[in-house]
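Protein chains in written order, with my numbering: chain L, 23 to 323; chain U, 32 to 204.
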């Protein structure tokens, strides 16, 4: 008979063996995630397991907010109410004319044979938390694929664009903020229509306006809005203001730093704009795979 | 049961439910909405190191790996980044678990600081290799706060094991 050690001495594989197994598993996952994006299904499953813990982690914050709201004095609420009413009244003239202007704009576009701008659907969402990852800038919102959120949709708050949905789970989605290093957004200077692209990753949550010629007509305090040429962001949403311009004759481009208009530090309510309103792509050439339709008699030209 | 160098008393066995509870609390703490603060201590890592040192037969690399995966998904980080760091952390804690208990808590904290810094440095190397920017030296502050909290955590997590089973006023020891 072969000699076996008694089972109470048996401690399984050696620690180094276990370590190498789990390290290689982790490295495999990382490579699949970073290079090939194959790990999304694993992520979806683990996300479902993590969801209850995340909701419970939100509870103390909700409780704190509830207590603050409960004891918030009536005077403060009344003041806020009055301020909001004034704001609404101030915006009323533009809002009242908006419908008429929209209709007029559409008619003019029709006259010019330009495609009409279609309204976009918007989904209301709330920021749950900022992802705790010092290497990227993301927030997590409380609507997911169950509410029809799709990856790539722009996210705005009451004053401007905050970012783009980059990953969708069943009940939550991740929004990458504009200040993330890998995020870019096409912009237009409101004053003169100059187009440019802003990149995140500047220090202090600022944006970089790259590849602008050193003599470009751009000034401190200029407002930049989305240009809409990417088809993702609707045109005309405020994004940032120019904070600093450094023109150096040694470089072909000016160094322009932008301060984002919207911030995620103030309110938790955001709007996710849907991408459905994208104009349909031009009809491709009909391939031969479709059964031949009965040919219509063509008009003689 | 194990001997504590300072207290010289025999501890009760740890309850598995208590271990699970503390790890879950650590996870909850890590998933609290931290509003992009960088210097937040990684409490999950610390509780994990504690149990890897005190109960190395119950808590090991497999559990560390799964906890790391949960955090990866919860934080939207690179999948496997925390899992790798926590596996290495658990391995290192296992490697020092026999000698570290002979030190008083403050000197244990120095050991733990080195382990946590090693795990953080590993994460940093992975993310920089994957194309991220260096987030600044404040990134490492969390580990120092963790190490400063270690004596408190040590005391709190050992409390249930210090409780006498039968209270007897006339017992000699």
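Even for Gly, the Cβ is constructed at its ideal location relative to N, Cα and C.
Starting from the beta carbon of residue i, find every residue of chain L whose beta carbon is closer than 9 angstroms, and list them in chain order.
i              : result
residue 136(U) : Within 9 angstroms Cβ-Cβ: nothing; residue 136(U) doesn't reach chain L, min ~25 angstroms.
residue 45(U)  : In chain order: nothing, as chain L lies at least about 18 angstroms away.
Do residue j and residue i come within 8 angstroms of each other at the CB atom, strictly closer than that value?
i              : j              : result
residue 171(U) : residue 151(U) : yes
residue 6(L)   : residue 167(U) : Since the first residue shown for chain L is 23 and the last is 323, residue 6(L) is missing from the structure and cannot be characterised.
residue 235(L) : residue 274(L) : yes
residue 108(U) : residue 173(U) : no
residue 256(L) : residue 248(L) : yes
residue 99(L)  : residue 178(L) : no
residue 180(L) : residue 216(L) : no
residue 154(L) : residue 65(U)  : yes
residue 185(L) : residue 200(L) : yes
residue 87(U)  : residue 125(U) : yes
residue 223(L) : residue 203(L) : yes
residue 194(L) : residue 166(L) : yes
residue 102(U) : residue 113(U) : yes
residue 189(U) : residue 42(U)  : yes
residue 79(U)  : residue 120(U) : yes
residue 261(L) : residue 182(L) : yes
Spell out whether any CB of chain U is found under 8 angstroms from the CB atom of residue i.
i              : result
residue 164(L) : no
residue 331(L) : No statement about residue 331(L) is possible, as the shown extent of chain L runs from 23 to 323 and does not include it.
residue 277(L) : no
residue 189(L) : yes
residue 45(L)  : yes
residue 160(L) : yes
residue 35(L)  : no
DSSP on residue i, reduced to helix/strand/coil?
i              : result
residue 226(L) : helix
residue 32(U)  : Residue placement at residue 32(U) cannot be trusted, given a pLDDT of 43 that sits under 50; the coordinates are not used to answer.
residue 2(U)   : There is simply no residue 2(U) to check, as chain U begins at 32 and stops at 204 in what is shown.
residue 221(L) : strand
residue 200(U) : coil
residue 90(L)  : helix
residue 291(L) : strand
residue 175(L) : coil
residue 45(U)  : coil
residue 245(L) : strand
residue 129(L) : helix
residue 251(L) : coil
residue 124(L) : helix
residue 231(L) : strand
residue 99(U)  : helix
residue 41(L)  : helix
residue 263(L) : strand
residue 201(L) : coil
residue 78(L)  : helix
residue 377(L) : Because chain L spans 23 through 323 in this model, residue 377(L) falls outside it and cannot be assessed.
residue 146(L) : strand
Report yes or no: is there a C-beta of chain L within less than 8 angstroms of the C-beta of residue i?
i              : result
residue 118(U) : yes
residue 114(U) : yes
residue 171(U) : no
residue 201(U) : no
residue 148(U) : no
residue 132(U) : no
residue 145(U) : no
residue 124(U) : no
residue 93(U)  : yes
Name the chain L residues whose beta carbon is nearer than 7 angstroms to that of residue i?
i              : result
residue 28(U)  : Here chain U has residues from 32 to 204 only, and residue 28(U) is not among them.
residue 166(U) : 156, 157
residue 104(U) : 65, 68, 69, 72
When you compare the CB of residue i with every CB in chain C, is at least one pair closer than 8 angstroms?
i             : result
residue 52(U) : Among the protein chains of the structure shown, namely L and U, there is no chain C.
Along chain U, in chain order, which residues have C-beta atoms closer than 8 angstroms to that of residue i?
i             : result
residue 52(L) : 109, 110, 111, 112, 115, 157, 161
residue 49(L) : 111, 115
How would you list, in chain order, the residues of chain L whose beta-carbon sits under 8 angstroms from the beta-carbon of residue i?
i              : result
residue 98(U)  : Simply none; closest approach about 11 angstroms.
residue 101(U) : 68, 71, 72, 75
Is any heavy atom of the ligand SAH found at a distance shorter than 7 angstroms from the C-beta of residue i?
i              : result
residue 290(L) : As for the ligand SAH, it is missing from this structure, which has no ligand bound.
Please list the residues of the segment 132-156 of chain L that have a C-beta atom closer than 8 angstroms to any C-beta atom in chain U, keeping them in chain order.
-> 150, 151, 152, 153, 154, 155, 156
Members of the segment 56-71 of chain U that neighbour chain L once the beta carbon cut-off is set at 9 angstroms | Residues passing the 9 angstroms Cβ filter: 58, 59, 60, 61, 62, 63, 64, 65, 66, 67, 68, 69, 71.
Pull out every residue of the segment 195-223 of chain L whose Cβ sits closer than 7 angstroms to any Cβ of chain U, in chain order.
-> Listed in sequence order: 196, 203, 223.
Against chain U: residues of the segment 54-85 of chain L by CB proximity under 8 angstroms = 54, 55, 56, 61, 64, 65, 68, 69, 71, 72, 75, 76, 78, 79, 80, 82, 83
Members of the segment 174-188 of chain U near chain L, C-beta cut-off 7 angstroms = With the criterion set as a beta carbon lying under 7 angstroms from some beta carbon of chain L, the segment 174-188 of chain U has no members that meet it.
Note down, in chain order, all residues in the segment 71-91 of chain U with a beta-carbon under 8 angstroms from any beta-carbon belonging to chain L.
-> 71, 88, 91
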